[in-house]
Structures are given as C-alpha cells and as structure tokens.
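Here it is as structure tokens:
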C-alpha cells in the first residue's frame with residue numbers, strides 16, 4: 001500500500017467458484033465479512049477458456065456494482081478461484097493475466113469443494129456428481145485423487161454409472177448377462193432397439209450418461225440386480241479411495257455432490273461412522289482459502 | 001434376361017469389402033471365376049458415407065478397366081458389399097441407389113468376414129481387431145453378436161485393451177492398484193505425467209487406444225500382472241461369446257482379425273480344441289454370398 005491509498009483500498013478478497021453450468025462470486029473484506037455476491041455464466045477453463053474469462057469478469061463486475069465496490073478496490077483485491085478444468089492444461093497459468101485482481105490463485109474446483117465441505121478440519125471427502133474426485137485435507141494442506149475424467153476415470157460418478165448401465169443393457173440384449181427390470185426399462189426407452197442405444201452413446205457426453213444415474217440408484221433401492229451391482233461397484237471404489245486418503249488420526253468424511261449422499265447406504269460401517277454433513281460449499285472453500293492466504297493477520 | 005442381352009451381359013457378380021482403411025473389389029463370373037480385382041480408399045458407410053460411395057465406385061471402375069468389363073455389363077451385375085458401419089444408421093438402405101449395379105446387397109463387413117473365415121461351414125467366429133464382433137453360421141444363415149462399438153461394447157478388442165490399460169495406469173498412479181512393469185513403461189512414455197495420459201484420451205479414438213494392444217499382449221506373455229489380467233478378462237469375454245453362439249453340433253471356431261490368433265493361448269481347452277484357421281477373408285465371404293445368391297444355378 002502506498003500513502004496515496006484511500007481508505008478501504010486493498011482491503012478486499014474475492015472468491016470465485018466456476019463450473020460447467022455457472023459461476024458464483026463473493027467479495028469480502030479481509031476480516032471475512034462478505035460485502036457482495038453474484039451468480040453468472042459457465043466457467044470451465046478447460047472446455048471454454050475465453051467464455052470462462054468473460055463470465056468470471058462479468059460476474060465479478062456485477063458483484064462490484066451490487067456492493068458499491070470500485071474498480072480501484074478490485075485492482076487491489078486478491079482472489080482465489082476454484083474452477084472446473086483447472087486441473088488440466090495451462091489455464092491456471094494463463095488466467096491470472098486476464099483477471100482484474102492484484103493476485104489470483106487459480107485452483108481446481110475439486111480442491112475448493114473439499115475445503116468447503118471439510119471446513120478446514122482434517123478429513124477426507126468424495127465429490128460424486130457427473131464426475132468423481134476424492135480428496136483429503138491434513139494440517140491445512142489438501143491432497144486430491146482421481147478425477148481423471150469420463151474416458152479413463154471418474155469411477156463411481158453419475159457418468160460412470162450411466163455408461164456402465166448402457167453397456168450392461170447391450171450385454172443383456174446379447175444374452176451374455178441376465179437382464180433386470182432396469183435393463184428392460186432402459187431398452188424400451190430406446191424403442192427396444194440396441195442400435196439406438198449405440199447411436200445415443202456415439203454423441204453423448206458425460207452429462208448425458210449421468211442422466212441415467214438417478215434411475216440406477218432408484219432401481220438399486222428396489223434390489224434390481226444390475227443396478228445393485230453397479231452401485232455396489234461404485235461404493236467399493238468410493239470406500240477404497242476414502243481409505244487411501246483419510247489422514248492418520250482424522251475421522252471426518254464428507255460426501256459432496258449430487259450423488260454423494262446417495263452412496264451412503266452402500267458404504268461399509270467403517271466409513272459411515274465417520275460421515276459428517278459438509279460444512280460449506282465450494283464458494284465457501286474458495287473464500288476460506290482466500291482469507292487464509294490474503295486475510296487480515 | 002431378355003432376348004436382347006448380348007453374350008456375357010448379366011453374367012457378372014461383384015464383391016466388395018470395405019472398411020476404415022480401404023476397400024477391395026472382386027468381379028467374377030456367375031460361375032465363380034474371378035475376372036478382376038482392385039483396391040481403393042476407405043469405405044466406412046457410417047463415419048463417411050459420401051467418401052465410401054466415391055471410393056467404392058472408383059474401385060469398381062478400376063476393376064472394370066483392369067478386366068475389360070463394360071459399363072453395360074456392370075449395370076447388369078449383382079453385388080454383395082460387406083462394409084464397416086453398415087450395422088448402424090440407414091446407409092444399407094441409401095447406398096444401393098448410389099451404386100451402378102442391378103441389385104446391391106449391403107451387409108456389415110463382420111458378416112462377410114465371418115462367412116469368409118468359416119467358408120460356408122457351420123461354426124462360430126470371433127473378430128478381434130480395433131473393435132470386436134462375434135458371429136456364427138448355421139445352415140448358411142449368419143448370426144452376429146456384439147460389435148456395439150468403443151463407448152459401450154467391443155469387449156476384448158484392441159481399443160478395449162488399450163483404454164482399460166490407461167485406466168489402470170491412472171489407478172496405479174493413485175495407489176489404488178499395484179503398478180506393474182507395463183504401467184511404468186506406459187506412464188514413462190507420457191513423461192510420467194498422468195495429466196498427459198488424460199489429454200491423450202480426450203482426443204484419442206478407438207484406433208489410438210488399440211495402438212497399446214500389442215504391448216498389452218507382449219507383457220501378458222511375460223507374466224505382467226496387469227497385462228495378464230486385462231488379456232484374461234478379454235479371453236473370458238471371447239469364450240462366453242463363442243459358447244453362446246456356437247451352433248449345436250458345430251465344432252469349428254475361427255479367430256479373425258489382427259488380435260484373433262493372439263488370444264488363443266488364453267482361451268480354455270474347450271474352445272481351443274475347436275480352433276481352425278480361417279478359410280478366407282471378408283472379400284472371399286462377400287463373393288461366396290454373392291455366388292450363393294446370384295450365381296449360376
């Protein structure tokens with residue numbers, strides 16, 4: 001700060017949570033008091049870097065307008081951004097130059113989500129939505145695992161459940177697997193034509209496959225053999241990942257994401273005894289990291 | 001035939017084998033004597049319909065020129081085409097209108113390959129290459145199974161082996177699976193950066209994944225635990241499919257395609273005792289079907 005700074009300048013931190021469907025911004029004083037928030041468009045820096053830049057900047061500006069925050073204050077603010085896609089490619093290096101902040105720390109949104117869920121305590125978390133990522137926090141340091149994406153990873157995720165379901169529908173059609181009621185439901189939705197299932201899969205992305213996950217979980221609850229087998233397979237992966245990650249001495253496990261809580265009934269007792277409700281979301285996590293890093297001493 | 005037909009007109013059949021890397025044409029008399037053959041460009045009617053039409057017509061024309069066959073003779077000829085991609089979409093219905101023959105029967109190249117391999121005898125066959133398809137012939141009638149493609153099917157294929165290998169490389173990297181020498185070889189090829197494996201997978205098609213299959217088979221032969229597990233998993237699928245398909249009383253099984261023979265050491269005795277070398281290729285199969293259907297009585 002120079003002697004010319006007006007009161008308040010340099011006093012702000014910005015937290016951003018950005019994903020494939022939208023972004024959220026919170027601007028706070030370095031003491032932690034939130035001054036303004038805003039929601040905006042998608043901000044996945046891997047699949048759409050320029051759109052992400054535009055949407056983040058617009059949403060930040062909207063929050064500034066709402067909170068009466070000046071451009072000069074923003075220029076002196078430090079930001080932590082948890083963004084989908086920041087784990088691959090070089091967006092985390094390129095992005096700060098495009099942002100209006102003094103310093104910008106770009107993290108993978110999995111890290112901010114896990115930090116938000118555990119609320120700064122030691123523990124492990126599973127993020128189970130369209131994709132899957134696992135992570136742990138130990139002494140304030142986060143460690144992430146998995147999240148390698150739809151083609152090679154994201155085991156136990158919604159997309160993983162959906163694709164494997166359709167795979168089994170075709171195996172059952174070929175008589176290599178006993179069909180279950182869920183298979184029949186799915187195949188009939190495709191006019192009982194396996195070719196239509198294949199056509200769908202040719203152009204379907206992770207979100208389209210994940211659209212079948214609710215049915216898998218519903219039918220698993222009704223003891224459908226194939227649905228149960230898929231969910232149990234996912235639960236085994238969740239269990240192995242959490243056990244691998246849980247820091248010694250820690251006993252807090254969070255299930256985050258749209259499918260997180262739905263896996264609970266399929267997890268073993270050694271995991272469920274440690275389950276705790278998430279303390280916050282990914283924006284909370286980004287803000288917590290921002291305050292830790294840039295907050296008032 | 002009408003009284004106006006000149007000698008030779010209407011006496012020809014055409015066989016076409018078309019796939020993702022090229023097509024082959026044979027023109028024969030209805031007695032079976034081959035007059036001319038030619039090779040040409042790719043002819044996958046699902047991934048590139050118009051290119052397939054162009055390449056097939058050009059290659060047929062080249063065979064006509066080489067064999068001194070007239071346009072009029074071609075117009076009276078009947079054709080059987082075994083083409084990649086003919087099992088999905090409506091190409092099999094649209095294609096005949098674009099071809100210069102009297103009648104055109106468009107089949108999936110899996111059917112002509114299985115027919116060529118079994119040479120008209122009853123039996124079952126596995127086509128194991130970049131993809132996988134299984135089939136049987138019983139009393140001259142072919143039945144096909146599988147071949148649902150990279151995303152949902154093609155179990156035991158080269159692309160399946162390759163994708164599952166990369167999946168395991170990432171699991172081993174995350175410590176969820178014990179790494180094997182093959183894992184280390186593959187990860188080091190990607191500069192020991194799992195992100196690079198994911199980047200590769202994002203844009204890789206089935207053929208790129210199948211590029212890893214030779215290494216999987218090589219390392220399986222050297223008792224690499226992960227390679228062995230993958231190949232044995234594929235072999236179990238091949239076994240189940242062949243047992244499901246083999247017609248009663250038949251005892252001939254053919255392994256076709258670049259990976260076919262390489263699975264033999266991993267198949268159980270009940271299968272290997274029935275293994276027979278393929279009698280011919282997919283062009284032979286298309287020609288055999290053409291002669292059966294359109295040949296001299």
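Protein chains in written order, with UniProt numbering: chain V, 1 to 297; chain Z, 1 to 297. Note that beta-carbon positions come from the ideal geometry of N, C-alpha and C, so glycine has one too.
{"Asked": "Whether residue 13 (chain Z) touches residue 290 (chain Z) by CB criterion (7 Å)", "Found": "yes"}
{"Asked": "Chain Z contact residues for residue 174 (chain V), given Cβ-Cβ distances below 7 Å", "Found": "145, 146"}
{"Asked": "For residue 78 (chain V) and residue 40 (chain V), the rounded distance between their alpha carbons", "Found": "20 Å"}
{"Asked": "Below-7 Å beta-carbon distance, residue 185 (chain Z) vs any chain V residue", "Found": "no"}
{"Asked": "Heavy atom of the ligand NAD within 6 Å of residue 259 (chain Z) beta-carbon", "Found": "The ligand NAD is not among the ligands present in this structure, which contains no ligands whatsoever."}
{"Asked": "C-beta contact flag for residue 113 (chain V) and residue 277 (chain V) at 7 Å", "Found": "no"}
{"Asked": "Chain Z contacts from the region 228–257 of chain V (Cβ-Cβ distance under 7 Å)", "Found": "240, 241, 244"}
{"Asked": "Rounded straight-line distance, which links the Cα of residue 170 (chain V) to that of residue 226 (chain V)", "Found": "12 Å"}
{"Asked": "Other residues of its chain near residue 89 (chain Z): CB distance less than 6 Å, five sequence neighbours each side excluded", "Found": "46"}
{"Asked": "First and last residue of the uninterrupted beta strand (DSSP E) at residue 187 (chain V)", "Found": "Run containing residue 187 (chain V): none in the beta strand (DSSP E); it sits in the alpha helix (DSSP H), 181–189."}
{"Asked": "Within 7 Å, strictly: CB atoms of residue 34 (chain V) and residue 63 (chain V)", "Found": "no"}
{"Asked": "Residue 50 (chain Z) versus residue 18 (chain Z): straight-line alpha-carbon distance, rounded", "Found": "13 Å"}
{"Asked": "Cβ-based burial, residue 16 (chain V) [other Cβ within 10 Å; buried from 16]", "Found": "buried"}
{"Asked": "Contact the region 114–126 of chain Z vs the region 92–102 of chain Z: 3+ CB pairs below 8 Å", "Found": "no"}
{"Asked": "Rounded straight-line distance, which links the Cα of residue 102 (chain Z) to that of residue 81 (chain Z)", "Found": "13 Å"}
{"Asked": "Contiguous alpha helix (DSSP H) assignments of at least 4 residues, all confined to the region 69–117 of chain V", "Found": "71–75, 91–94"}
{"Asked": "Inter-residue spacing [alpha-carbon to alpha-carbon] between residue 76 (chain Z) and residue 153 (chain Z)", "Found": "40 Å"}
{"Asked": "Assigned secondary structure, residue 59 (chain Z) (DSSP; H/G/I helix, E/B strand, else coil)", "Found": "helix"}
{"Asked": "Touch test, the region 212–220 of chain V against the region 235–242 of chain V, Cβ-Cβ under 8 Å, three pairs minimum", "Found": "no"}
{"Asked": "Members of the region 122–152 of chain V near chain Z, C-beta cut-off 7 Å", "Found": "145, 146, 148, 149, 151, 152"}
{"Asked": "Outcome for residue 141 (chain V) when other beta-carbon atoms lying within 10 angstroms are tallied against a minimum of 16", "Found": "exposed"}
{"Asked": "Neighbour list for residue 216 (chain V) in chain Z, Cβ cutoff strictly below 7 Å", "Found": "Ordered by position in chain Z, no residue passes the 7 Å Cβ test against residue 216 (chain V), which lies about 15 Å from the chain."}
{"Asked": "Residue 130 (chain V) in three-state terms, based on DSSP", "Found": "coil"}
{"Asked": "Residue-chain proximity (residue 201 (chain Z), chain V), Cβ-Cβ < 7 Å", "Found": "yes"}
{"Asked": "Reduced DSSP category for residue 141 (chain V) - H, G, I as helix; E, B as strand; rest coil", "Found": "strand"}
{"Asked": "Residue 165 (chain V) versus residue 230 (chain V): straight-line alpha-carbon distance, rounded", "Found": "7 Å"}
{"Asked": "Which residues DSSP lists as bridging residue 29 (chain Z), in chain order", "Found": "Z:12"}
{"Asked": "Members of the region 254–280 of chain V near chain Z, C-beta cut-off 8 Å", "Found": "none"}
{"Asked": "Chain-ordered chain Z contacts of residue 96 (chain V) [CB-CB under 9 Å]", "Found": "What residue 96 (chain V) touches in chain Z: nothing, since even the nearest Cβ is about 20 Å away."}
{"Asked": "Beta-carbon neighbours of residue 189 (chain Z), restricted to chain V and to distances below 7 Å", "Found": "Per Cβ cutoff of 7 Å: no residues; residue 189 (chain Z) is ~15 Å from chain V at best."}
{"Asked": "Inter-stretch contact (C-beta, 8 Å, three-pair minimum) for the region 185–192 of chain Z and the region 124–139 of chain Z", "Found": "no"}
{"Asked": "Alpha carbon of residue 180 (chain V) to alpha carbon of residue 192 (chain V), nearest angstrom", "Found": "14 Å"}
{"Asked": "Nonlocal neighbours in the same chain, by C-beta distance under 6 Å from residue 205 (chain Z), ignoring five residues either side", "Found": "none"}
{"Asked": "Neighbour flag for residue 195 (chain V) against chain Z, beta carbons, 7 Å", "Found": "yes"}
{"Asked": "Rounded C-alpha distance that separates residue 266 (chain Z) from residue 234 (chain V)", "Found": "29 Å"}
{"Asked": "Collapsed DSSP secondary structure at residue 228 (chain Z) in the structure displayed", "Found": "helix"}
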